[in-house]
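Be aware that the sequence shown starts at 0, since it is given in numbering that gives the first Met the number 0, and climbs by one per residue. This report concerns only the one structure given below.
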Amino acid sequence: MTIVAGPGAASLTAMADETIAPLATSLAPQALPWPSDASFDTGAPTQWPLLLVRLLASCEEDRLEVTVTIDGTPYVAVFATWSEAGSQVPLHAPACDASGTAAAFSGKVAVTRVAPDGTRADLAAADVSGTVALDLVQGLLGRVMAVATSEKPRLRRQAQELRSMRRLRFARDSVLDRYGDDLGAPRLGDMLTWDAGTGQLDTSPLPGGRETDESYRPRLRVLRTPRLLTPTWVDAQVNGFTDSGLDRPGWMSDVGFDERVTADETANPLYVAFRVLAPGRGEGRAMLLDAVRRTHLVWRSGQPGDDVHGARMLPPATTQSITGARAALTTLAAPAGEPVALPLALALERLLALQDRLGAKPFTQVLTGQRNDGGSRYELGHGAQLAVPVAAELAKAVDQAQGAQDPALVARPVADDPIGAWLLRAAGMRTAHALSDGTVFVSALTTGSLVVDLTPDPDSATPLQLAARLDSATDSDHEEPLQAVVTALAASPLALTTVGDAATLLAGVKPSADDAALLAALRSLDLPEVLDVADLRARIGAIDPRQYVVADLGGETATVTGDPSRLAELLGELAAAGVSSALPLLTASDTLALALGVVDLPVAGNNLASQHTVAYRWHVRGLAGDPATLDLGRGPKVTVVDGGRGLGIAVCTAYVRTGGNDPYQWTPTLPDGSLLTLRQYEHLMNIVELVTPLGVRADTWAIRRRHVDVDGSGTPTPLAPSAARTYHRYRPFR
């Protein structure tokens, strides 16, 4: 409600202000004073009195019912929606004697606010005097003019209502249709429904064949608002939150969803690794690495490092700037003949400074620096191997960092982070990776667990094979992303383990059609069927066995066959753990097995996540002469088919999906356990589509699989991939 200065819609008061004396005195209403208990008393007899109720604050969507009780008799005045402040309603004309005199009278006032949905709320007595007032007019002229001007507040109220239609929030009926015509979004004639028989989304006619104002208005509100995809904007517009809290209803609250939608822009890691190539020219590779050591790398203090740094023609200030880094390498007992790259040396210097600040020294020694035989991790000096961190000192560092409350030091308990990656990253290490012997590989580059092997050896003639892998500290048979998959299998209600001899199981695979019950369960979940067993064996044999695992359900086969939702739930958990491809297999023992990959598997493709979990790309840069040539530019293994005429660098980039976003991608997320009705799901999908810029992709997989309650059962139903585009679009394609 809005307070209005001046008479507002008080037409009788405005008329009195423009009338000359003595008529003005008989026209002007006199406000009756009342205490906080909302009672009043005229206090003396009056002449031809008329009691008026005056509105102090304008109404919008609510209406007010004012009940004035005089001598036990209630009199009711109603201020309809959009009544303007100052509106006066004649309420009561007391009985008068022959001379026009009325006895003094008193009474009590009560006010009820009625919301648009019919909800009634009685105002407290202390709030009544701030909402309405009682005016008393005396004299026949005042009575006549009060009646004569009573239509003016009604006209002003109607004008307020018409003006409010300019705001979408209050528009209705044909006005909304005009908004829709301007936006190219007509009313819908049907609604999104769920067909339990087919397990698919469908549509059915709306009651009356026409969308209601309450459903139409939220759609138009989304289309009329300028859109900008940032987390802050999403929180403000979709949820209604700003820095000061919940300021106004968001887009999702328009359809009854009060959970918070967030824009996740967390990026998946992109790892990089290098190998020096000089096939058949071992002396050239050795000379290059020697030049790198003498020219670019940072050596520890003492010999032979002092001679190397003394021979460099650099300004004294530049030489002095790395004195601390060289001293840090000395303190960490780095091998005298194994220098490291400058960014890594500076990070080690910062690590020592942080340890001194925290009063704890979990990292005490550098075991390995640059080595010609160090492979992709140590060959160019970009990485170093640190000794196993001292557990007691690391726990002490955690306690000190938590007490310091420094946002740059987000400590994690030793149980969750046994290698102290939080401390290493605070020092500037972009990579902190545990090795199988408990030591820690660190680098100022984002190399992660990526390792590039070169066989038969770096100095051999072509062809050479380059093989990339994501090293796991605990499982040499599988790549690191599969560790989360194995954990998810064990933690599932079926408590599954992986098959040790997957090749033997695959050799006995039978067509899915051999088990009718299993085939029906797979089809109900839209999972692939194995038709040509020989073709499957040939194609899966070409895939690196480190990129997939096989789990045999054994005695649990009948469980998931009888209740396919159990298998759907399991696959959802595995997809969240990083599986991008799931292939159901009928084993020689007539049990169900699952081949689970982080790359495309034959027949299945990317059926769980519509994308690879791991993707490798390669390219070669020539340092002198023509560069070497690779047979492929992608995949975990490539072959150097031509060594070129000089030295080169093979670069491997590994893109690992860890639950974050691809480049030019964002993910709308919902709180765990929150559920969307089909109407809310459709609304959110339209919002996501409209706010996503051209060239950017929105990942709604998790919402479609875990947050849609299609039938009001209170549990989510995983939607098939086809549902990604199954909803009414608010702005139809033209």
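Heads up, the beta-carbon is just placed ideally off N, CA and C, and yes, glycines get one too.
Bridge-paired residues (DSSP) for residue i
i: Cys-58; result: None; Cys-58 has no bridge partner.
i: Ser-105; result: Asp-40
i: Arg-468; result: Val-450
i: Thr-691; result: Answer is none; Thr-691 lacks a bridge partner.
i: Lys-636; result: Ala-466
i: Met-190; result: Ser-203
i: Arg-620; result: Ile-648
i: Ile-784; result: The requested residue 784 does not occur in the structure, where the chain is confined to residues 0 to 733.
i: Pro-73; result: Thr-68
Helix, strand or coil at residue i [DSSP, three-state]
i: Pro-204; result: strand
i: Val-578; result: coil
i: Lys-509; result: strand
i: Gly-382; result: strand
i: Leu-51; result: strand
i: Ala-594; result: strand
i: Val-389; result: coil
i: Ile-542; result: coil
i: Ala-587; result: coil
i: Arg-370; result: coil
i: Asp-305; result: helix
i: Gln-29; result: strand
i: Arg-696; result: strand
i: Gly-774; result: Past the boundaries of the shown model lies residue 774; the chain is included only from 0 to 733, so the question cannot be answered.
i: Val-529; result: coil
i: Gln-664; result: strand
i: Gln-46; result: strand
Through-space distance from residue j to residue i, alpha-carbon basis
i: Thr-699; j: Arg-293; result: 52 Å
i: Tyr-615; j: Thr-446; result: 13 Å
i: Pro-388; j: Leu-573; result: 33 Å
i: Ala-103; j: Arg-119; result: 33 Å
i: His-706; j: Val-260; result: 12 Å
i: Ile-2; j: Ala-84; result: Residue placement at Ile-2 is flagged as unreliable, the pLDDT there being 49, under the threshold of 50; a coordinate-derived value is accordingly withheld.
i: Asp-70; j: Leu-219; result: 52 Å
i: Asp-212; j: Glu-681; result: 17 Å
i: Gly-713; j: Asp-416; result: 37 Å
i: Asn-685; j: Asn-660; result: 20 Å
i: Arg-223; j: Leu-167; result: 9 Å
i: Phe-256; j: Pro-635; result: 45 Å
i: Thr-18; j: Met-144; result: 12 Å
i: Arg-730; j: Arg-724; result: 14 Å
i: Ala-433; j: Ala-460; result: 34 Å
i: Val-439; j: Gly-672; result: 38 Å
i: Thr-676; j: Ala-262; result: 20 Å
i: Val-113; j: Val-65; result: 11 Å
i: Val-549; j: Arg-703; result: 27 Å
i: Trp-33; j: Val-174; result: 43 Å
Proximity of residue i and residue j at Cβ, strictly below 8 Å
i: Gln-401; j: Ala-410; result: yes
i: Arg-740; j: Leu-328; result: Residue 740 lies beyond the stretch modelled for the chain, which goes from 0 to 733, so this question has no answer here.
i: Ala-567; j: Pro-717; result: yes
i: Gly-645; j: Val-619; result: no
i: Gly-643; j: Gly-621; result: yes
i: Gly-188; j: Pro-206; result: no
i: Tyr-547; j: Ala-594; result: yes
i: Ala-396; j: Gly-419; result: yes
i: Ser-523; j: Leu-517; result: no
i: Trp-81; j: Ser-163; result: yes
i: Gly-521; j: Pro-583; result: Per the sequence presented here, residue 521 reads as Leu, with Gly not at that position. For Leu-521 and Pro-583, yes; Cβs fall inside 8 Å.
i: Leu-453; j: Leu-463; result: yes
i: Val-485; j: Thr-503; result: no
i: Pro-667; j: Val-687; result: yes
i: Val-131; j: Val-110; result: yes
i: Ala-425; j: Val-441; result: no
i: Arg-134; j: Arg-53; result: Here residue 134 turns out to be Asp, not Arg, going by the sequence shown. Contact flag set, yes.
i: Gly-427; j: Arg-349; result: yes
i: Trp-617; j: Leu-629; result: yes
i: Val-508; j: Thr-586; result: yes
i: Val-254; j: Pro-217; result: yes
i: Asp-14; j: Leu-26; result: Rather than Asp, the amino acid found at residue 14 in this sequence is Met. In this structure, Leu-26 lies closer than 8 Å to Met-14 by Cβ.
Original post:
Which full runs of the beta strand (DSSP E) of 3+ residues lie inside the region 438-462, going along the chain?
Top reply: Complete beta strand (DSSP E) runs here, min 3: 439-442 and 449-454.
Original post:
Quick one: complete beta strand (DSSP E) runs, 3+ long, within the region 312-361?
Top reply: Listed in chain order, there is nothing to give.
Subject >> Inside the region 80-163 only - alpha helix (DSSP H) runs reaching at least 4 residues >> reply: 124-127, 139-147 and 150-163
Original post:
Which residue spans inside the region 394-443 form an unbroken alpha helix (DSSP H) run of at least 4?
Top reply: 420-425
Original post:
Where in the region 207-278 do unbroken runs of the beta strand (DSSP E), each at least 3 residues long, occur, reported from the N-terminal end onward?
Top reply: Entirely contained in the region 207-278, the beta strand (DSSP E) runs reaching 3 residues are, in chain order, 261-263 and 269-276.
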